[in-house]
Amino acid sequence: MTEPDPLLSRAASFLRAAPEPGWDAISDSVLAAVRATPQHGWPLHAAPIPGDTAPGSIHVSDHVLRAILARELRRRFLCRPTAITFIFDDRDDRLLRGVHLDITGSYGTELRALGDHIRATVADIVHEVLGSSDTAGENRPIDVTFTDVVTGDPLRSTEN
Amino acid sequence: MPIALRSGVIARTETGLADAPDDVLRTAAILGDREAFEVIVARYGPQLYRYGRRMLRTESDVADVVQETFVAAWRQLGAFRGASSLRTWLFAICSRKIVDTRRIKRAQPIDDQLLEALPSTAAVSDPFTAASNAAFLGALEQALAELPARQRATWVMREVELMTFPEIAQVLQLSPDGARGHHHRATATLRIRLRRWQ
Chain F
1 MTEPDPLLSR AASFLRAAPE PGWDAISDSV LAAVRATPQH GWPLHAAPIP
51 GDTAPGSIHV SDHVLRAILA RELRRRFLCR PTAITFIFDD RDDRLLRGVH
101 LDITGSYGTE LRALGDHIRA TVADIVHEVL GSSDTAGENR PIDVTFTDVV
151 TGDPLRSTEN
Chain V
161 MPIALRSGVI ARTETGLADA PDDVLRTAAI LGDREAFEVI VARYGPQLYR
211 YGRRMLRTES DVADVVQETF VAAWRQLGAF RGASSLRTWL FAICSRKIVD
261 TRRIKRAQPI DDQLLEALPS TAAVSDPFTA ASNAAFLGAL EQALAELPAR
311 QRATWVMREV ELMTFPEIAQ VLQLSPDGAR GHHHRATATL RIRLRRWQ
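The listed protein sequences correspond, in order, to chains F and V. Residue numbering for the first sequence follows this note's numbering, beginning at 1 and increasing consecutively. Residue numbering for the second sequence follows this note's numbering, beginning at 161 and increasing consecutively.
Structure, rendered in structure tokens:
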């Protein structure tokens with residue numbers, strides 16, 4: 001095993017603490033490049049705005065819907081979504097039939113009440129993003145499973 | 161749209177992710193939460209840049225590699241199951257990008273005159289408190305640049321980034337003992353190159 005060298009150790013800690021102006025200069029362009037990078041997803045039927053009679057159709061990627069749900073749920077409630085799965089129609093695999101969510105909650109929270117709020121929020125968001133004129137209508141099942149509970153804020157707790 | 165919460169359901173008041181643990185960020189980012197991924201970029205960007213700067217020839221190469229690393233990470237997140245730490249995974253992507261660029265800073269021939277030109281440290285008991293700090297760090301950077309790439313990568317990840325040998329081995333696709341060997345040889349060389357500062 002290599003003997004620790006006090007001088008090199010201190011030099012390394014100095015290098016670690018030194019600012020990286022090169023990173024500061026490029027960080028905005030790195031973020032812009034990431035934001036411009038699409039993630040491929042599966043198209044979901046979306047209803048046109050009522051009164052719109054133009055030919056054609058509207059689709060929204062499942063990735064877009066999943067990202068909105070994940071962000072809104074963790075922003076609104078003391079919980080952490082860990083999986084969001086979509087269920088598709090047997091005959092039309094672009095038609096959303098249901099949503100299943102795995103959630104980490106927090107000790108002290110009424111999980112059933114939280115589950116109700118999550119289901120209502122998901123229904124609102126799906127309606128807002130996809131509309132409701134498709135045959136799936138307003139009755140898509142939304143299932144919530146609490147897969148874990150942690151002490152304190154689930155966004156600040158490490159997984160076991 | 162605000163939701164009236166029943167008692168016992170706690171609405172979130174703190175919505176930021178800046179201090180969230182890595183695995184929380186990873187899970188959120190896999191679900192497509194870009195804000196979570198941007199925290200990952202801010203957390204590990206400086207480390208990857210610092211590593212890349214010691215491995216590549218030019219600052220523009222470093223900028224390209226770090227940007228490509230995060231773009232690739234964003235695309236590949238869905239396939240990352242957490243078998244390694246997030247940091248190790250990012251360093252592994254970065255390390256492969258560095259090799260792919262073929263612009264690695266090659267080991268430079270040792271130039272004894274370089275260190276001869278540095279001021280004598282006979283009267284300087286602590287180079288970190290003396291006026292020669294900059295010269296010492298310059299000598300260290302030069303000595304690092306003289307190391308073969310794998311030795312340099314191993315030393316930087318171990319000593320500067322405080323990674324374990326198994327983590328370094330994953331990044332460089334070596335055995336942990338192989339990583340230890342590279343680190344040992346790098347340290348021995350650096351001691352010799354910097355002996356005037358001891």
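The beta carbon of each residue, even a glycine, is placed where N, CA and C say it ideally should be. All values reported here derive from a predicted model rather than from experimental measurement.
Counting only C-beta atoms, is residue 306 of chain V closer than 9 Å to chain F at any point?
no
How would you list, in chain order, the residues of chain C whose beta-carbon sits under 8 Å from the beta-carbon of residue 22 of chain F?
No chain C is part of this structure, whose protein chains are labelled F and V.
Residue 313 of chain V: contacting residues in chain F (beta-carbon distance under 7 Å)
Ordered by position in chain F, no residue passes the 7 Å Cβ test against residue 313 of chain V, which lies about 14 Å from the chain.
Please identify, using Cβ separations under 7 Å, the residues of the region 325-346 of chain V that lie next to chain F, in order along the chain.
The region 325-346 of chain V vs chain F, Cβ under 7 Å: 343 and 344.
Got a sec? Which residues, its chain only, sit under 6 Å from residue 262 of chain V by beta carbon, not counting five neighbours each side?
Answer for residue 262 of chain V: no residue qualifies.
Sequence-distant residues of its chain with Cβ nearer than 7 Å to residue 252 of chain V (five each side left out):
330 and 331
Do residue 58 of chain F and residue 48 of chain F come within 9 Å of each other at the CB atom, strictly closer than that value?
yes
Given this structure, state the Cα-to-Cα distance separating residue 309 of chain V from residue 218 of chain V, to the nearest angstrom.
15 Å
In terms of alpha-carbon separation, which member of F:73, F:81 and F:19 lies closest to residue 184 of chain V?
Of the candidates F:73, F:81 and F:19, the one whose C-alpha sits nearest the C-alpha of residue 184 of chain V is F:81.
Does residue 108 of chain F come within less than 9 Å of chain V when only Cβ atoms are used?
Output row for residue 108 of chain F: interface = yes.
Is the separation between the beta-carbon of residue 323 of chain V and that of residue 247 of chain V shorter than 9 Å?
yes
From the DSSP output, in three-state form, read off residue 20 of chain F for me.
coil
Alpha helix (DSSP H) runs contained entirely in the region 206-257 of chain V, provided each spans 4 or more residues:
Counting only unbroken stretches of 4 or more residues, the alpha helix (DSSP H) elements lying wholly within the region 206-257 of chain V are 219-236, in sequence order.
Can you list, in chain order, the residues of its chain with a C-beta nearer than 7 Å to that of residue 163 of chain V? Leave out the 5 residues immediately preceding and following it.
Residue placement at residue 163 of chain V is flagged as unreliable, the pLDDT there being 48, under the threshold of 50; a coordinate-derived value is accordingly withheld.
Runs of alpha helix (DSSP H) lying entirely within the region 79-151 of chain F, each at least 4 residues, in chain order
111-130
Along the region 26-41 of chain F, what residues have a CB closer than 8 Å to any CB found in chain V?
Residues of the region 26-41 of chain F that bring their beta carbon within less than 8 Å of a beta carbon in chain V comprise 26, 27, 29, 30, 31, 33, 34, 35, 37 and 39, in sequence order.
Here's a check: name, in chain order, each residue in its chain whose Cβ is nearer than 6 Å to the Cβ of residue 107 of chain F, leaving out the five neighbours to either side.
The beta carbon of residue 107 of chain F lies closer than 6 Å to those of 149 and 151 in the same chain, with the five residues before and after it left out.
Extent of the continuous alpha helix (DSSP H) run through residue 68 of chain F
Residues 62-76.
What number of angstroms, rounded off, separates the C-alpha of residue 327 of chain V from the C-alpha of residue 240 of chain V?
16 Å
Measure from the C-beta of residue 171 of chain V to each C-beta in chain F and report whether the shortest distance is under 9 Å.
yes
Same chain, Cβ closer than 7 Å to residue 187 of chain V, neighbours up to 5 away in sequence not counted
none
Is the separation between the beta-carbon of residue 318 of chain V and that of residue 303 of chain V shorter than 9 Å?
no
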